[in-house]
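Asks: Structure provided below as structure tokens; questions to follow.
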Amino acid sequence: MTTQKSVNPLGPGYEGVPGEEKRFRDVFRDTLRAEMIRDEDVFLMGEDISGGFDKETKEPLDAWGGPFAATKGLVQEFGPERIRDAPISEAGFVGAAVGSALTGLRPVVDLMYFDFVTVAFDQLLSNAAKSRYMFGGQTKVPLTLFARSGAGTGHAAQHSESFYSMLAHIPGLKVVVPSDPYSVKGLLAAAIRDDDPVFLINDKKLINLTGFVPDDEYVIELGKGRYTRRGDDVTLVGMSYTSIACQQAAEMLATEGIEAEVIDMMSLSPFDEDILLESVMNTNRVVIVDEDTPRASMASEFAAIIADKAFDYLDAPVKRVTAPHSPVPYNKGLEDAFIPQPADIITTVRKLLGRE
Amino acid sequence: MTTQKSVNPLGPGYEGVPGEEKRFRDVFRDTLRAEMIRDEDVFLMGEDISGGFDKETKEPLDAWGGPFAATKGLVQEFGPERIRDAPISEAGFVGAAVGSALTGLRPVVDLMYFDFVTVAFDQLLSNAAKSRYMFGGQTKVPLTLFARSGAGTGHAAQHSESFYSMLAHIPGLKVVVPSDPYSVKGLLAAAIRDDDPVFLINDKKLINLTGFVPDDEYVIELGKGRYTRRGDDVTLVGMSYTSIACQQAAEMLATEGIEAEVIDMMSLSPFDEDILLESVMNTNRVVIVDEDTPRASMASEFAAIIADKAFDYLDAPVKRVTAPHSPVPYNKGLEDAFIPQPADIITTVRKLLGRE
Amino acid sequence: MDISKEKLEWIYTTMYRIRRFEETMLEQTFKGNSMGVTHPSDGQEAPPTGICAHLTDKDWIGSTHRGHGHCIAKGLDTHKMMAEIMGKATGQCGGKGGSMHIADFSKGMLGANAVVGASIPLAVGAALTAKYRGIENESVGVSFFGDGASSQGVLHESMNLASVWKLPVVFACENNGYAEATPSWYAVSADDIASRAEGYGMPGVVVDGMDVFAVYDAAGEAIARARAGEGPTFLELKTYRYHGHFHADVPLNYRTEEEEKYYHDRDAIKSFEKRVTEQKLMTAKKLKSIRDAIEKEMVVAVDFALNSPMPDASALYDDVYVNYSNPIPGLR
Amino acid sequence: MDISKEKLEWIYTTMYRIRRFEETMLEQTFKGNSMGVTHPSDGQEAPPTGICAHLTDKDWIGSTHRGHGHCIAKGLDTHKMMAEIMGKATGQCGGKGGSMHIADFSKGMLGANAVVGASIPLAVGAALTAKYRGIENESVGVSFFGDGASSQGVLHESMNLASVWKLPVVFACENNGYAEATPSWYAVSADDIASRAEGYGMPGVVVDGMDVFAVYDAAGEAIARARAGEGPTFLELKTYRYHGHFHADVPLNYRTEEEEKYYHDRDAIKSFEKRVTEQKLMTAKKLKSIRDAIEKEMVVAVDFALNSPMPDASALYDDVYVNYSNPIPGLR
Ligand SMILES: Cc1ncc(C[n+]2csc(CCOP(=O)(O)OP(=O)(O)O)c2C)c(N)n1
Ligand SMILES: Cc1ncc(C[n+]2csc(CCOP(=O)(O)OP(=O)(O)O)c2C)c(N)n1
Ligand SMILES: [Mg+2]
Ligand SMILES: [Mg+2]
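In structure tokens form, the structure reads like this:
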């Protein structure tokens with residue numbers, strides 16, 4: 001993965017905004033910190049986020065800065081009550097987070113690797129997502145969860161999942177997938193301030209990505225996608241890491257005279273149906289790119305929406321470029337083949353446009 | 001739900017097959033019994049499947065005949081070693097079932113309500129589905145699980161799920177959804193004899209359905225769908241309960257001169273891509289009906305496959321009739337509105353054919 | 001005895017209200033007026049009553065599929081409960097929850113919960129909120145769950161969390177001897193579930209759950225501990241449900257008449273009556289006036305519920321989320 | 001001492017093989033030859049060795065992310081293990097599993113497992129198979145897991161199941177004092193995790209996990225109990241990992257030199273050497289010849305692994321299922 005600057009990550013008005021080039025991981029931590037300062041009810045929970053404790057003084061050591069160093073320095077600043085280290089009990093502490101959200105706090109849970117959400121799946125699906133509805137609207141669950149997804153780092157089958165489709169499937173839950181430093185700042189802030197349970201998924205391949213980030217605080221409205229490139233020949237739909245892959249593919253396609261439009265979905269539930277339809281009505285061709293395995297995936301959902309609501313504008317079959325229907329293999333070569341690469345997108349676009 | 005006889009559940013050759021009209025639930029139990037007789041390595045695990053024990057003699061009482069009376073009489077016949085009553089620990093006993101499958105047995109797990117699969121989700125996704133792949137093919141997991149899905153019985157949000165799309169999403173797992181006594185016999189037998197983990201989902205609304213069942217033992221190949229009605233005007237795709245709803249809708253549509261073709265998918269993973277494409281190439285119009293909530297659902301998947309591979313044959317948008325993106329409500333009227341009804345299918349078909 | 005007169009009256013009122021609510025609810029269920037499955041808790045009046053006697057609306061409880069008793073002891077309105085069971089718009093959850101999902105956040109009631117064990121960490125989370133806010137002295141969490149639920153891993157995770165974080169929680173295990181038809185002697189690998197508490201660094205107390213005074217005393221200590229910031233306690237309340245697992249279950253298919261009689265002889269309400277009248281803490285007349293009031297309350301509750309309107313059709317799509325209306329009212 | 005000469009040699013060979021495998025593996029990892037994350041277990045040689053000394057290929061073990069020691073003690077081939085870590089076609093899992101997913105079903109090794117706690121019920125299931133087949137006397141299940149994993153609910157569910165079903169299982173908790181950087185004194189609400197065993201109807205034994213003889217003895221009793229059909233036992237083995245949580249972790253960021261020295265002074269291999277030579281059970285020469293053989297084995301293992309081919313591209317799609325080839329090789 002190389003770092004790639006988006007043409008215009010913020011949309012119109014980007015020019016002249018004060019800001020700087022930053023790393024995804026630093027923006028993530030800074031945003032967490034800003035939200036904790038902004039609202040005293042916001043606190044963080046997760047395994048190893050205190051990074052150990054001194055045997056004598058019982059003081060947190062912050063040895064790792066939390067998983068993926070996402071919370072480095074925060075325990076010193078906010079103390080162990082607000083950076084609450086949890087034993088390895090995902091069901092228990094996600095459930096406790098739901099309970100604390102139901103009683104007025106705004107917990108943020110670090111689930112480390114995305115795969116571990118399965119251990120806490122019942123608390124997420126049966127309690128976090130359903131409480132508001134089944135109790136007739138008398139309560140809310142202002143809970144944020146985050147975890148790292150994706151293949152590409154040699155972690156093999158049980159530490160490389162991208163099954164965000166399963167979360168987006170669940171009514172009551174919101175799901176966001178930042179793809180760069182700009183979007184993680186706006187989406188994480190929006191997630192924490194939102195009154196519904198929101199799951200934010202970081203692809204591991206994005207963590208060291210750099211990109212322009214405005215200095216001012218801002219939120220990105222949940223449920224909105226964005227164009228990261230305009231073009232008339234074909235629409236490429238990306239989410240999380242695949243937004244970057246689409247962007248790279250689009251730039252290479254441009255050298256062949258194919259102008260692709262790139263949409264970064266940013267939110268998966270709710271998602272921006274309008275931008276999808278608008279773009280496809282313009283380009284009449286679409287390739288949806290998803291690292292998740294294909295069956296009943298978000299790629300399927302976007303394809304289904306387009307095949308229903310933009311049917312009359314389609315000049316060609318709706319294409320998906322996805323991972324295979326398989327677990328993630330360990331071997332690097334196989335793992336690379338598992339991940340949708342820019343080259344795969346390019347091949348599909350060429351075929352779709354009859355330019356083989 | 002009224003009982004509806006399929007026109008030709010078995011396909012060509014149905015005529016003259018010896019058999020009789022039976023209830024879904026009885027066929028289910030008889031098939032379990034037959035498979036346990038057929039193979040001594042097959043055993044059953046689940047909560048309350050012994051139906052209590054006599055305090056003095058420690059003998060199983062079979063008070064309920066297991067959840068939904070699915071195993072009535074089996075504990076007397078096979079004893080408590082083969083009808084193994086489990087404490088309420090879904091993660092623990094599904095994990096133990098995986099372990100026993102990895103070491104040579106063929107466990108069958110009754111998970112009672114489909115919703116409870118979330119409690120055991122990690123064991124299913126991380127162990128059952130992945131073991132073969134991540135260990136390089138050196139083992140297999142001949143495990144069968146079953147549970148009852150669906151709204152319509154006043155069980156409300158936490159006992160009415162139909163999220164089989166989430167299971168079909170998981171590589172390594174197979175998913176089947178019988179819709180009548182004929183299909184449950186063939187699919188349950190096939191599932192138990194299969195060497196991969198298979199999840200069989202029973203919609204609660206089907207449990208008392210009756211239908212013709214051949215006397216002879218048979219299996220239905222996993223991954224195959226079937227036509228339950230032929231027609232040229234539109235394809236209706238059903239799965240589990242919605243196959244029956246499609247059938248009912250098709251019969252009502254016929255009275256208006258609209259001849260619908262009805263596909264009962266029977267398997268969701270793998271699924272029968274060929275039958276979908278064949279039918280759509282014939283009718284050029286399709287409505288997919290799914291009680292699962294819509295986002296990243298099997299309805300989405302079938303729509304996506306059709307929009308890709310049968311695009312040139314489509315004369316109209318690909319339509320889905322699904323549950324809303326909401327939990328299942330308790331109130332009967334709301335619950336009925338949650339479930340895709342034949343009337344909803346009919347309305348959609350009329351619109352699609354411009355016959356409003 | 002160390003209980004005020006008001007408290008005694010409250011205890012009797014609450015136990016009798018639970019008893020009569022369950023009986024009335026069952027009657028209505030058999031008349032076809034409930035819209036779904038119901039799990040009656042009569043027989044088990046002492047645990048919720050003896051525990052909630054120490055709680056205020058600022059304290060939180062988590063509950064189970066068998067939650068009516070917990071609701072009533074926590075002060076919920078029986079009219080709205082009955083209406084909820086009948087699926088009405090006036091119900092506690094607008095008819096969308098039903099018997100297994102009655103909650104009242106204004107009363108500190110986190111909800112009945114139909115997934116066995118699933119509500120346990122919610123009470124831990126409520127206690128975490130109290131500790132975070134520094135208000136343990138006025139807000140503790142109580143988790144009610146059954147002997148069957150004790151086999152769920154999430155209980156053990158919750159106990160460990162509560163102990164490691166020293167949270168103001170009481171784990172209230174209502175051991176009624178059965179999980180559905182399965183006896184606890186079969187499914188629980190300990191003589192007393194409470195014996196597990198020590199391994200999680202908290203006291204474990206076995207309590208006669210048919211004796212509301214015993215429950216009251218044990219709960220008093222546990223809740224005082226919690227309010228004092230001394231951390232969690234585990235109570236195992238040995239009790240009994242008089243009816244089947246759910247409304248249509250026939251318990252004699254898996255338990256004996258002798259066993260049922262043993263518990264009925266130790267009925268929590270009858271022993272309360274005996275004790276307070278013998279010790280002249282309450283008069284028979286007072287007891288009767290309380291019963292009479294409850295009888296009337298039940299008639300009114302049923303009436304209210306039966307005559308209440310159904311929810312609007314639009315309620316199907318409401319309250320999936322807080323701040324945007326459901327975009328997918330069924331693709332049709 | 002009650003151990004045969006052959007067994008003593010096996011124990012020394014196994015412990016030394018584990019030690020040198022981990023050191024060699026780390027060297028290779030730092031050279032960039034591992035394809036992913038590795039969790040070394042050196043320092044913790046005694047628990048897998050002392051336990052697996054009682055097992056045959058018909059017995060089953062479940063393992064963790066820190067699984068190399070378990071693999072070696074269960075008789076796996078170090079060449080194939082090294083090749084697996086390097087992602088090669090000749091690896092134990094054809095290069096598709098990696099360090100955290102090494103399994104060998106022919107040796108009764110159910111697999112390393114990267115989800116903390118997730119392998120525990122698998123060993124229970126293996127024991128269930130043995131009981132079902134009536135071969136408990138020759139096939140038991142041993143579940144290895146850490147102090148961190150003890151907080152997972154699935155452990156408690158597994159203990160209860162094993163006890164209720166009276167299965168031939170040994171729960172072997174390797175308490176190395178840390179889960180990642182988090183000390184067990186913080187995350188575990190009991191002084192000894194083994195103290196929880198009694199509440200699940202099984203013996204719980206605290207064992208010096210730096211002393212292979214102590215482990216051997218305790219495991220011998222537990223496994224004999226299992227083989228005799230007397231049910232599960234819980235062993236807590238107090239031990240220490242010499243390296244960081246994973247290859248790149250720097251443990252002195254969260255633990256002290258004094259603590260490290262304390263355990264290094266009680267090194268399982270050194271104390272074994274001292275004891276067997278002092279008691280004249282083995283000669284220094286014999287010990288050296290074993291070490292020399294292992295050194296050679298490691299050189300050959302690395303060589304084998306480095307020179308092995310990569311898996312075929314088609315391996316990506318193989319073995320998702322048994323009986324139909326993957327129908328979806330990535331939609332592209
Ligand atoms: C996770 C889960 N598994 C199974 C069930 C089905 N079920 C409902 S109540 C019950 C028994 C619960 O027993 P216990 O905890 O003792 O409570 P009681 O019914 O005795 O009040 C079971 C198995 C469920 N609702 N949730
Ligand atoms: C369910 C789950 N949660 C968290 C992790 C991340 N993780 C990997 S190892 C580990 C620590 C495990 O500690 P312990 O069980 O003591 O084993 P040790 O590493 O000390 O051998 C953690 C938290 C994981 N792999 N799985
Ligand atoms: Mg019970
Ligand atoms: Mg450890």
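Chains as they are written, first to last, in my numbering: chain A, 1 to 356; chain B, 1 to 356; chain C, 1 to 332; chain D, 1 to 332.
By construction, the Cβ of each residue, glycine as well, lies at the ideal position given by its N, Cα and C atoms.
From a predicted model like this one, the values you see are computed outputs, not experimental measurements.
Given a cut-off of 7 Å on the beta-carbon distance, is the pair A301/D and M35/D in contact?
Replies: Translated into positions along the fourth sequence, residue 301/D becomes position 301. Translated into positions along the fourth sequence, residue 35/D becomes position 35. Contact flag unset, no.
Asks: I'd like the span of the alpha helix (DSSP H) that includes T29/C, first residue to last.
Replies: In the third sequence, the residue the question calls residue 29/C occupies position 29. Looking at the DSSP string, the run of the alpha helix (DSSP H) that includes T29/C is K5 to F30.
Asks: Exposed or buried, which one is I346/A when buried takes at least 16 other CB atoms within 10 Å?
Replies: For the purposes of this step, residue 346/A is taken as the residue at position 346 of the first sequence. By the 10 Å Cβ count, I346/A comes out buried.
Asks: Can you confirm whether the region 189 to 196 of chain B touches the region 169 to 177 of chain B when touching is taken to mean that 3 or more C-beta pairs between the two stretches lie within less than 8 Å?
Replies: With a cut-off of 8 Å, the region 189 to 196 of chain B and the region 169 to 177 of chain B count as touching, because enough Cβ pairs lie within range.
Asks: Counting pairs of Cβ atoms below 8 Å between the region 299 to 309 of chain A and the region 302 to 314 of chain B, do you hit three or more?
Replies: Result yes; three or more Cβ-Cβ pairs closer than 8 Å.
Asks: How about A218/D and L235/D: are their beta carbons less than 7 Å apart?
Replies: The count along the fourth sequence starts at 1 and reaches residue 218/D at position 218. The count along the fourth sequence starts at 1 and reaches residue 235/D at position 235. In contact: A218/D and L235/D (Cβ atoms closer than 7 Å).
Asks: Is there a C-beta anywhere in chain B that falls below 7 Å from the one on A96/A?
Replies: What you label residue 96/A is simply residue 96 of the first sequence in a count that begins at 1. Judged by the 7 Å Cβ criterion, A96/A is not in contact with chain B.
Asks: Quick one: is E157/C near chain A, going by C-beta distance under 7 Å?
Replies: Here residue 157/C corresponds to residue number 157 of the third sequence, with the count starting at 1. Yes - at least one Cβ of chain A is within 7 Å of the one on E157/C.
Asks: Mind listing, in chain order, the continuous alpha helix (DSSP H) runs of no fewer than 4 residues lying wholly within the region 158 to 238 of chain B?
Replies: Complete alpha helix (DSSP H) runs here, min 4: 164 to 168 and 181 to 193.
Asks: Taking only runs that begin and end inside the region 259 to 313 of chain C, name each unbroken alpha helix (DSSP H) of 4 or more residues, in chain order.
Replies: Complete alpha helix (DSSP H) runs here, min 4: 268 to 278 and 284 to 306.
Asks: By the 10 Å Cβ neighbour count, where 16 or more other Cβ atoms means buried, how is P309/C classified, buried or exposed?
Replies: Within the third sequence, the letter at position 309 stands for residue 309/C. Exposed is the call here.
Asks: Compute the minimum distance between the beta carbon of G148/C and the heavy atoms of ligand 1, and state whether it is under 6 Å.
Replies: Locating residue 148/C in the third sequence gives position 148, counting from the first residue. Yes, the Cβ of G148/C comes within 6 Å of a heavy atom of ligand 1.
Asks: What residues are listed by DSSP as bridge partners for D85/B?
Replies: Reading the second sequence from its first residue, position 85 is the one you call residue 85/B. Bridge partners of D85/B: G46/B.
Asks: Does the distance between the C-beta of E47/B and the nearest non-hydrogen atom of ligand 1 fall short of 6 Å?
Replies: As a first step, residue 47/B is located in the second sequence; it is residue number 47 there, counting from the start. E47/B Cβ: within cutoff of ligand 1.
Asks: Pull the bridge partners of C173/D from the DSSP assignment, please.
Replies: Mapped onto the fourth sequence, residue 173/D falls at position 173. Beta-bridge pairing links C173/D to F145/D and E236/D.
Asks: When you compare the CB of A63/B with every CB in chain C, is at least one pair closer than 7 Å?
Replies: One-based indexing of the second sequence puts residue 63/B at position 63. Yes - at least one Cβ of chain C is within 7 Å of the one on A63/B.
Asks: Going by the DSSP bridge assignment, what does I61/D pair with across the sheet?
Replies: On the fourth sequence, position 61 is the one that residue 61/D refers to. Note: I61/D sits in a beta bridge opposite M109/D and V142/D.
Asks: Taking the C-alpha atoms as reference points, what is the distance between T2/B and R23/B?
Replies: Numbered from 1 along the second sequence, position 2 holds the residue referred to as residue 2/B. Numbered from 1 along the second sequence, position 23 holds the residue referred to as residue 23/B. Confidence in T2/B is poor, its pLDDT being 32 and thus under 50, which makes the residue's placement unreliable; the coordinate value appears in the next sentence. When rounded, the distance between both Cα atoms is 13 Å.
Asks: May I ask you to report which of helix, strand or coil DSSP gives L122/D?
Replies: The residue given as residue 122/D occupies position 122 in the fourth sequence. Note: L122/D maps to helix in three-state DSSP.
Asks: Am I right that Q44/C and R255/C are in contact with their C-beta atoms under 8 Å? What's the rounded C-beta distance?
Replies: Here residue 44/C refers to the residue found at position 44 when the third sequence is read from its first residue. Here residue 255/C refers to the residue found at position 255 when the third sequence is read from its first residue. Not really, about 15 Å apart at Cβ, beyond 8 Å.
Asks: Strictly below 7 Å CB to CB, what residues from chain D border H169/A?
Replies: The count along the first sequence starts at 1 and reaches residue 169/A at position 169. Within 7 Å Cβ-Cβ: nothing; H169/A doesn't reach chain D, min ~19 Å.
Asks: So which of Y16/D, D147/D and V276/D has the shortest CA-CA distance to F213/D?
Replies: Within the fourth sequence, numbered from 1, the residue matching residue 213/D stands at position 213. F213/D has its Cα closest to that of V276/D, out of Y16/D, D147/D and V276/D.
Asks: How would you list, in chain order, the residues of chain B whose beta-carbon sits under 8 Å from the beta-carbon of Q437/A?
Replies: Given that chain A is displayed from residue 1 to residue 356, the structure contains no residue 437/A and the question cannot be resolved.
Asks: Alpha helix (DSSP H) containing V94/B: first to last residue?
Replies: Your numbering for residue 94/B matches position 94 in the second sequence. Unbroken alpha helix (DSSP H) run through V94/B: E90 to L102.
Asks: Between E35/C and chain B, is there a C-beta pair that is closer than 7 Å?
Replies: Taking the third sequence and counting its residues from 1, one reaches residue 35/C at position 35. The question names Glu, but residue 35/C is Met in the sequence shown. Yes, M35/C lies at the interface with chain B (some Cβ there is under 7 Å from its Cβ).
Asks: At a Cβ threshold of 7 Å, is N160/C touching chain D?
Replies: Locating residue 160/C in the third sequence gives position 160, counting from the first residue. Yes - at least one Cβ of chain D is within 7 Å of the one on N160/C.
Asks: Please classify D318/D as buried or exposed, where buried requires at least 16 neighbouring CB atoms within 10 angstroms.
Replies: By one-based count along the fourth sequence, residue 318/D stands at place 318. Buried is the call here.
Asks: Against chain B, which members of the region 59 to 70 of chain C pass a CB distance test of less than 8 Å?
Replies: Hits within the stretch: zero.
Asks: Could you spell out where the alpha helix (DSSP H) holding L352/A opens and where it closes?
Replies: Taking the first residue of the first sequence as 1, we reach residue 352/A at position 352. Its alpha helix (DSSP H) spans residues P342 to L352.
Asks: Decide if E295/C is buried, meaning its Cβ has at least 16 other Cβ atoms within 10 Å, or exposed.
Replies: The count along the third sequence starts at 1 and reaches residue 295/C at position 295. Exposed, since its Cβ has fewer than 16 Cβ neighbours within 10 Å.
Asks: Around the C-beta of K5/B, are 16 or more other C-beta atoms found within 10 angstroms, so that it is buried, or is it exposed?
Replies: Position 5 of the second sequence, counting from 1, holds the residue named residue 5/B. Only weak support exists for where K5/B lies, its pLDDT of 36 falling under 50; the value from the coordinates is given anyway. Label assigned to K5/B: exposed.
Asks: Going straight from the alpha carbon of E256/B to that of E335/A, what length do you get?
Replies: Locating residue 256/B in the second sequence gives position 256, counting from the first residue. Locating residue 335/A in the first sequence gives position 335, counting from the first residue. Whole-angstrom Cα-Cα distance: 54 Å.
Asks: Can you list, in chain order, the residues of its chain whose CB lies under 7 Å from that of S195/D, leaving out five sequence neighbours each side?
Replies: Within the fourth sequence, the letter at position 195 stands for residue 195/D. Cβ neighbours of S195/D beyond the five flanking positions: G204.
Asks: Quick one: does K130/A have its CB under 7 Å from some CB of chain E?
Replies: In the displayed structure, chain E is absent; the protein chains listed are A, B, C and D.
Asks: Among the residues of its own chain, which have a CB less than 8 Å from the CB of T31/A, if the five just before and after it don't count?
Replies: The residue labelled residue 31/A in the question sits at position 31 within the first sequence. Excluding positions up to five away in sequence, the list reads V184, K185, L188 and A189.
Asks: In terms of residue numbering, what span does the beta strand (DSSP E) encompassing S126/A cover?
Replies: As a working note, residue 126/A is residue 126 in the first sequence. Unbroken run through S126/A: none, as it is neither H nor E.
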